[in-house]
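Inspection log for the structure reproduced underneath, given as structure tokens.
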Amino acid sequence: MATLDSKIPDGSIADKWENHKFSMKLVNPNNKRRFEIIVVGTGLAGASAAASLSELGYRVKVFTFHDSPRRAHSIAAQGGINAAKNYTNDGDSVHRLFYDTVKGGDYRSREANVHRLAEVSVNIIDQAAAQGVPFAREYGGLLDNRSFGGAQVSRTFYARGQTGQQLLLGAYQALAKQIAAGSVELHTRTELLDVVLKDGRACGIVTRDLVSGEVGSHSAHAVVLATGGYGNVYYLSTNAMASNVTAAWRAHRKGAFFANACYTQIHPTCIPASDEFQSKLTLMSESLRNDGRIWVPDTFDDSRSPNEVPEGERDYYLERKYPAFGNLVPRDVASRNAKTVVDQGKGVGTLKNGVYLDFADVIDRDGEDVVRAKYGNLFDMYENITGENPYKVPMRIYPAIHYTMGGVWVDYNLMTTIPGCYSIGEANFSDHGANRLGASALMQGLADGYFVLPYTIGDDLAGRLGEAVVPTDDPVFLEAEAAVNSQVDRFMSIGGTRSVDWFHRELGKIVWDYIGMERTKEGLEKALSEIPALEEEFWKDLRLLGSAATLNSSLEKAGRVADFFELAKLMARDALEREESCGGHFRAEHQTEEGEAQRDDENFAHVAAWEWTGADSVQTRHQEELIFENVALTQRSYK
Amino acid sequence: MSKQLNLTLQVWRQNGPDEAGHFETYTAEGISEDMSFLEMLDTINEGLVQSGQTPIEFDHDCREGICGTCSLMINGQAHGQEKATTTCQLHMRKFNDGDTIVVEPFRARAFPVVRDLVVDRSSFDRIIEAGGYISVNTGAASDANLTPVPKEAADTSFDAAACIGCGACVAACPNSAAQLFTSAKLAHLNLIPQGQAQRFERTENMVETMESFFGSCTNHGECHEACPKDISLDFIAFMNRDYVKAKVKNRKLAGQT
Amino acid sequence: MAATATNPKGSTPIFRRKWQLPFPLNIYQSSVGRKWVMALTGIGLLGFVIVHMIGNFHIYEGPVQLHEYAEALRGLGGGLFPRTFLLWVLRIGLAAMFILHIHSAYSLKERSRKASDKADFVGGEKKYGSKRDYVAANYASRTMRWTGPIILLYLLFHLADLTWGWWLGDDYVLGDPYHNVVASLSSLPVAIIYVVANVALAIHIFHGTWSLFQSLGINNPKYNELRRSLAKLVAGVILVGNLSFPVLVTAGLVDDDNRKCPVGDVECLEKEAKEH
Chain V
448 MATLDSKIPD
458 GSIADKWENH
468 KFSMKLVNPN
478 NKRRFEIIVV
488 GTGLAGASAA
498 ASLSELGYRV
508 KVFTFHDSPR
518 RAHSIAAQGG
528 INAAKNYTND
538 GDSVHRLFYD
548 TVKGGDYRSR
558 EANVHRLAEV
568 SVNIIDQAAA
578 QGVPFAREYG
588 GLLDNRSFGG
598 AQVSRTFYAR
608 GQTGQQLLLG
618 AYQALAKQIA
628 AGSVELHTRT
638 ELLDVVLKDG
648 RACGIVTRDL
658 VSGEVGSHSA
668 HAVVLATGGY
678 GNVYYLSTNA
688 MASNVTAAWR
698 AHRKGAFFAN
708 ACYTQIHPTC
718 IPASDEFQSK
728 LTLMSESLRN
738 DGRIWVPDTF
748 DDSRSPNEVP
758 EGERDYYLER
768 KYPAFGNLVP
778 RDVASRNAKT
788 VVDQGKGVGT
798 LKNGVYLDFA
808 DVIDRDGEDV
818 VRAKYGNLFD
828 MYENITGENP
838 YKVPMRIYPA
848 IHYTMGGVWV
858 DYNLMTTIPG
868 CYSIGEANFS
878 DHGANRLGAS
888 ALMQGLADGY
898 FVLPYTIGDD
908 LAGRLGEAVV
918 PTDDPVFLEA
928 EAAVNSQVDR
938 FMSIGGTRSV
948 DWFHRELGKI
958 VWDYIGMERT
968 KEGLEKALSE
978 IPALEEEFWK
988 DLRLLGSAAT
998 LNSSLEKAGR
1008 VADFFELAKL
1018 MARDALEREE
1028 SCGGHFRAEH
1038 QTEEGEAQRD
1048 DENFAHVAAW
1058 EWTGADSVQT
1068 RHQEELIFEN
1078 VALTQRSYK
Chain D
37 MSKQLNLTLQ
47 VWRQNGPDEA
57 GHFETYTAEG
67 ISEDMSFLEM
77 LDTINEGLVQ
87 SGQTPIEFDH
97 DCREGICGTC
107 SLMINGQAHG
117 QEKATTTCQL
127 HMRKFNDGDT
137 IVVEPFRARA
147 FPVVRDLVVD
157 RSSFDRIIEA
167 GGYISVNTGA
177 ASDANLTPVP
187 KEAADTSFDA
197 AACIGCGACV
207 AACPNSAAQL
217 FTSAKLAHLN
227 LIPQGQAQRF
237 ERTENMVETM
247 ESFFGSCTNH
257 GECHEACPKD
267 ISLDFIAFMN
277 RDYVKAKVKN
287 RKLAGQT
Chain G
19 MAATATNPKG
29 STPIFRRKWQ
39 LPFPLNIYQS
49 SVGRKWVMAL
59 TGIGLLGFVI
69 VHMIGNFHIY
79 EGPVQLHEYA
89 EALRGLGGGL
99 FPRTFLLWVL
109 RIGLAAMFIL
119 HIHSAYSLKE
129 RSRKASDKAD
139 FVGGEKKYGS
149 KRDYVAANYA
159 SRTMRWTGPI
169 ILLYLLFHLA
179 DLTWGWWLGD
189 DYVLGDPYHN
199 VVASLSSLPV
209 AIIYVVANVA
219 LAIHIFHGTW
229 SLFQSLGINN
239 PKYNELRRSL
249 AKLVAGVILV
259 GNLSFPVLVT
269 AGLVDDDNRK
279 CPVGDVECLE
289 KEAKEH
């Protein structure tokens, strides 16, 4: 398909990035200041890109809807960041990280991108350490590593349980340095509401000042979207409350293909919802599964307290089904099995929506002190949230949405199908295939921002020297602003009866039930009929109060939920069309006899990228074939 | 079944930075004790929308105690009465049935109210911009293991870096001083080898920027008590020392040991 | 300062320096530096309080010894300087420390007040709708701004009372401090003033001693507990020592009875002192 040119460079896998760096056109240092670049989002990807681009000399405008760049949700990542440093001398290498990532992604990612990611992973650690990121260290003062998410080598760098926070602070500080130097213009509490094109090329964005409600435009030579993932479409997720798909979706509506929307990642160890009004799910480190044993009562609707259930009436279902890996089966397997038992009616807790993660055995074996030393902070967090003491009563856990591998389609240069518009970090679809390895999200966000985009953006800009930015009073901007204003007016004037949260919650239930951990044809079709019905109701019965000329978080949310409706439909369609199971996408119709995901490499070893064709028609599905020259496609087995 | 609480709330409502605010009383019935404080506010807002009143604006985002967006003075205490806990991690089981809870924004002149309980904390960003960074351009870093950092120094640096920039220290301080925030951000970088080159310049600039927004510390220690991340007062002493050192030291000799 | 395009309200500095003073005066321009000055002058004043108290213990030895102590102060420096020269140097130094201590305290309080100005700040205490439930700030730290002025007023009273003799009038005998002290403290209202003021002083010193390490940055987490203990010790010793004077005089244990030299006979005191 001509429209999907991934622009993968020539050469052997290890040479592609090197070759590409040499073949790309450069912008003379003195000319960089003649280019303006807009970066939307200040998470790991956005902040690192904005800082790096402005260090190169570009004039950068950076936008965040938060009150400070430091609040982006990258801050919540706990586990760590992978890098092929091989400091532990256990046989890691760029190639191994590349291989593991492609395999972990269930062979649905682009080899060239993943190899580049593994190559620059080492630079990220150097950069972060030099910025003062307080990584964990050994007594000799050198960096400590741990094995994470079932990896066979210790390649994960970490900063207690707050690696994301510390890396984000590093990127934020780099950004602050550039703001102080006057080369980055910071716009806080400002949300992107449209991407503007002139003659088919991105020329700027339309934003709304969340405090004054003012809608305005900003123009630039290039627009970079670093706006994160769309997990919040599920309503209950581990994402932050304000995380949304709006920027990516607005770009999609303007011509950016949206790829692999059905690839979502579930995290198996989250605290289950306690009531209807629960606003988010809290993730607990997966490391808990190293020592905890997962079980449910044998009997249905068992209302006994866990300690009253005798050993003989407990079903340690993971140990039973997967004797070799037991409780340490991969995320998706653990998650799906939890769903199966809960759906059977064996769920535990008041809402029957969890499974037990029991530490009684390890406490018996090693003593409470040892367990406290290992997991003390997690146990405290659990007790704080649930009011139950996990030293005495088994924890209740349930899977939750945590990361989205799908996103805006980008080529090797991270450019979307809109020329001049780039997408980086979780917002794009690129490197994780159908499933992301633990501790790779931080790696990808920073790789894109620090070490990929600053190179590739120049290749496109070099040919545009002397081109002026499109003035913001150009009709293309005025039209886009008018459209945004009319959408705001439309929201404010619906005057229905239900709050935006209500609609979001209802949408979330549909998406979770039918496009969640396990998808079926019937379910997806049902989603495709229920979502539009709810969407229609949304546009009729939404009630927004207050004014559009002040801070109005319900209004902000209405715009985001409206886009979630459209996204949810695309997710269902994408899941429906992908007649196979792979990674985070599990179609019940396509499983092995052992209940494993069954890929169909012959028909689906491709990226599905959807093209917006108008509000009243269904998007067109395009395919980018994935060619695997360096890894052999295998079927997983955890028996 | 979880316990249900009936509560009376007095919430600060204010339309904008330059408008006068006032307390509004709301009743919250059937609040589950498993709710977080913010979910309780969500529930009230849901009720307000039903009855045609403008919902209460409050700052929040990650709801897992790490982003530093949520704020609120709850019964006169920043982030409520629980020690080392953010508002989003404060759960209703810590309250009693029939309680009256007073909810106010963080107050300081440098934290103007944006609306209701939302305040503007951008002065914190200005402090960071004044020097809260290590100037290393992307790509300029040498191998991460080239500079060993003593484990204890790295750990203490982390203790400081754990600051989430929520502003509770300023809110709790009778002087509206930002010493705890600034010293934590400063100590994070000043304590490790990577931060030494700019140590004194950074200290001078950050302290002086801080002082252009905030009041003066009187060593009460309220900030530490309010801090959701338990940042130590020791960092303030450390900052005071480095500041005067910065003024007195001949930095041209910094290369000599 | 960074130029941000959308300038949120909270981005505007409240305090701006009009000019930069040369070193070392620029240290005093900053709050942190001013706190240093407050701590350093505090140490000086604390030293004075302790020395003054120890000196005053001579009262328990009798009128002669107290006179001798007073004379020794005037003759500080031996024959190197004119008589009372060094004493005046000390006095001027003390006065300077007082002024700096008070100025730094007052000006910092003003800064804090302004920093809380638009936040419904009333009369020294930041105002929240609900009663502030102080957790860490103790009575001592919160009352520094009250104990300070009390001590200042007391100091003026004390000078007027025992240095200038305004109240004792004809009963004031220059050169017989023993009598002056006894005469003054024998009046119950005066004794009460001394008690109240010295309690305030001890409270002030308690927070001051703890706080000065913090302000000076002489801090090692290992010693934090010791600092607290030291503050208690210093404040306690000063409280007991200084309260002993009014208490013992009021109790009648220190009085003008049984003196070798009659009240007012300074020559006798001098003679006795020489023999001593």
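Residue numbers (the working numbering), protein chains in the order written: chain V, 448 to 1086; chain D, 37 to 293; chain G, 19 to 294.
Glycine residues also receive a C-beta, built at the ideal position from the N, C-alpha and C atoms.
CB-CB length for ARG129(D) against GLU75(D), believed under 8 Å: Numbered from 1 along the second sequence, position 93 holds the residue referred to as residue 129(D). Numbered from 1 along the second sequence, position 39 holds the residue referred to as residue 75(D). Contact flag wrong, Cβ pair sits at about 12 Å.
Stretch-stretch touch, CB-based, cutoff 8 Å, three pairs: the region 614 to 634 of chain V with the region 787 to 799 of chain V: no
Contact residues within the region 130 to 146 of chain D, judged by C-beta distance below 8 Å to chain G: Within the region 130 to 146 of chain D, the residues whose Cβ lies closer than 8 Å to some Cβ of chain G are VAL138, GLU140, ARG143, ALA144, ARG145 and ALA146, listed in chain order.
ALA197(D) at chain V interface by Cβ criterion, 8 Å: If you number the second sequence from 1, residue 197(D) lands on position 161. Chain V contact via Cβ: present.
Counted within 10 angstroms of its Cβ, other Cβ atoms place TRP164(G) as buried (16 or more) or exposed: The residue labelled residue 164(G) in the question sits at position 146 within the third sequence. Under this definition TRP164(G) is an exposed residue.
With 16 other Cβ atoms within 10 Å as the buried cut-off, status of HIS70(G): Position 52 of the third sequence, counting from 1, holds the residue named residue 70(G). Its Cβ having fewer than 16 others within 10 Å, HIS70(G) is exposed.
LYS149(G) burial status per 10 Å Cβ neighbour count (16 or more: buried): The residue labelled residue 149(G) in the question sits at position 131 within the third sequence. The residue is exposed, with fewer than 16 neighbouring Cβ atoms inside 10 Å.
LEU108(D) at chain G interface by Cβ criterion, 8 Å: As a first step, residue 108(D) is located in the second sequence; it is residue number 72 there, counting from the start. Taking CB atoms only, LEU108(D) has no neighbour in chain G less than 8 Å away.
Distance between ALA523(V) and ILE137(D) (C-alpha atoms, nearest Å): For this step, residue 137(D) is matched to residue 101 along the second sequence. For this step, residue 523(V) is matched to residue 76 along the first sequence. If you take the alpha carbons of ILE137(D) and ALA523(V), they lie about 29 Å apart.
Where HIS1069(V) sits in the DSSP three-state scheme: Mapped onto the first sequence, residue 1069(V) falls at position 622. It is a strand residue.
Below-8 Å beta-carbon distance, LYS27(G) vs any chain D residue: Walking along the third sequence from the start, residue 27(G) turns up at place 9. Answer yes: the Cβ-Cβ gap between LYS27(G) and chain D drops below 8 Å somewhere.
CB contact flag (VAL643(V), TRP856(V), <8 Å): Here residue 643(V) refers to the residue found at position 196 of the first sequence. Here residue 856(V) refers to the residue found at position 409 of the first sequence. No, Cβ-Cβ distance for VAL643(V) and TRP856(V) is not below 8 Å.
Neighbour-count burial assignment, ALA996(V), 16 or more Cβ in a 10 Å radius: Your numbering for residue 996(V) matches position 549 in the first sequence. Sixteen is the threshold: since fewer than 16 other Cβ atoms of the shown chains lie within 10 Å of the Cβ of ALA996(V), the residue is exposed.
Assigned exposure category for SER933(V) - 16 Cβ within 10 Å defines buried: Within the first sequence, numbered from 1, the residue matching residue 933(V) stands at position 486. Counting Cβ neighbours within 10 Å, SER933(V) comes out exposed, since fewer than 16 surround it.
Where THR246(D) falls: helix, strand or coil (DSSP): Residue 246(D) sits at position 210 when you count from the first residue of the second sequence. Here residue 246(D) turns out to be Met, not Thr, going by the sequence shown. Collapsing the DSSP output to three states places MET246(D) in a helix.
8 Å CB neighbourhood of ARG911(V) in its chain, flanking five on each side removed: Residue numbering aside, residue 911(V) sits at position 464 when the first sequence is read from its first letter. Within the same chain, ARG911(V) has close Cβ partners PHE482 and HIS668.
Chain D contact residues for ARG584(V), given Cβ-Cβ distances below 7 Å: Along the first sequence, read from residue 1 onward, the residue named residue 584(V) stands at position 137. Under the 7 Å cutoff, chain D gives VAL185, LYS187 and ALA190.
Through-space distance from GLU928(V) to ARG557(V), alpha-carbon basis: Locating residue 557(V) in the first sequence gives position 110, where the first residue counts as 1. Locating residue 928(V) in the first sequence gives position 481, where the first residue counts as 1. Roughly 37 Å separates the two Cα atoms.
8 Å Cβ cutoff, GLN125(D) in contact with chain V: For the purposes of this step, residue 125(D) is identified with residue 89 of the second sequence, where counting begins at 1. Taking a beta-carbon distance threshold of 8 Å, GLN125(D) counts as an interface residue toward chain V.
Partners in chain D for GLY579(V), counting only beta-carbon separations shorter than 7 Å: By one-based count along the first sequence, residue 579(V) stands at place 132. In chain order: ILE170, HIS224, LEU225, ILE228, GLN230 and GLY231.
Whole-angstrom distance between ALA249(G) and GLY226(G), CA atom to CA atom: Locating residue 226(G) in the third sequence gives position 208, counting from the first residue. Locating residue 249(G) in the third sequence gives position 231, counting from the first residue. Approximately 8 Å, taken between the alpha carbons.
Bridge partners - LYS508(V), DSSP secondary structure assignment: Taking the first residue of the first sequence as position 1, residue 508(V) is located at position 61. In the DSSP output, where bridge partners are listed per residue, LYS508(V) has ILE485(V) and GLU632(V).
Rounded straight-line distance, which links the Cα of PRO264(G) to that of ARG92(G): If you number the third sequence from 1, residue 92(G) lands on position 74. If you number the third sequence from 1, residue 264(G) lands on position 246. Whole-angstrom Cα-Cα distance: 25 Å.
Contact with chain V by GLU65(D), beta-carbon distance below 8 Å: Residue numbering aside, residue 65(D) sits at position 29 when the second sequence is read from its first letter. No, its Cβ sits nowhere closer than 8 Å to a Cβ of chain V.
Where TRP182(G) falls, given that 16 or more other Cβ within 10 Å makes a residue buried: One-based indexing of the third sequence puts residue 182(G) at position 164. Looking at its Cβ environment, which holds fewer than 16 other Cβ atoms inside 10 Å, TRP182(G) is exposed.
Sub-8 Å separation of GLU585(V) and LYS283(D) beta-carbons: Locating residue 585(V) in the first sequence gives position 138, counting from the first residue. Locating residue 283(D) in the second sequence gives position 247, counting from the first residue. No, they are not a contact pair.
C-beta atoms of VAL670(V) and ILE652(V) nearer than 8 Å: Taking the first residue of the first sequence as position 1, residue 670(V) is located at position 223. Taking the first residue of the first sequence as position 1, residue 652(V) is located at position 205. Yes, the pair counts as a contact, with Cβ atoms nearer than the cut-off.
Min CB distance MET37(D) to chain G below 8 Å: Within the second sequence, numbered from 1, the residue matching residue 37(D) stands at position 1. With a pLDDT of 49 at MET37(D), under the threshold of 50, the modelled position of this residue cannot be trusted; read the value that follows with caution. Answer no: the Cβ-Cβ gap between MET37(D) and chain G never drops below 8 Å.
Within chain V, the residues that THR90(D) reaches when beta carbons sit closer than 7 Å: Within the second sequence, numbered from 1, the residue matching residue 90(D) stands at position 54. Ordered by position in chain V, the residues that pass the 7 Å Cβ test against THR90(D) are LEU992 and GLY993.
Every unbroken beta strand (DSSP E) inside the region 142 to 172 of chain D [3 residues or more]: 149 to 151
Chain-ordered neighbours of TRP54(G) on chain D, where CB pairs are closer than 9 Å: On the third sequence, position 36 is the one that residue 54(G) refers to. ASN276, TYR279 and VAL280, listed in chain order.
Alpha helix (DSSP H) segment containing TYR902(V), residue limits: As a position in the first sequence, residue 902(V) is number 455, starting the count at 1. From DSSP, the alpha helix (DSSP H) with TYR902(V) extends over 900 to 908.
Where the beta strand (DSSP E) through GLU1027(V) begins and ends: Residue numbering aside, residue 1027(V) sits at position 580 when the first sequence is read from its first letter. No beta strand (DSSP E) contains GLU1027(V), which DSSP labels as neither H nor E.
Any 3 or more C-beta pairs closer than 8 Å across the region 876 to 894 of chain V and the region 38 to 45 of chain D: Fewer than three beta-carbon pairs drawn from the region 876 to 894 of chain V and the region 38 to 45 of chain D are found closer than 8 Å, and the two stretches are therefore not classed as touching.
CB-CB length for ASN211(D) against CYS253(D), believed under 8 Å: As a working note, residue 211(D) is residue 175 in the second sequence. As a working note, residue 253(D) is residue 217 in the second sequence. Their Cβ separation, rounded to whole angstroms, is 7 Å, which keeps ASN211(D) and CYS253(D) in contact under 8 Å.
Cα-Cα separation between ILE169(G) and LEU118(G), rounded to whole angstroms: Position 151 of the third sequence, counted from the start, is the residue given in the question as residue 169(G). Position 100 of the third sequence, counted from the start, is the residue given in the question as residue 118(G). Taking the straight line from one Cα to the other gives about 15 Å.
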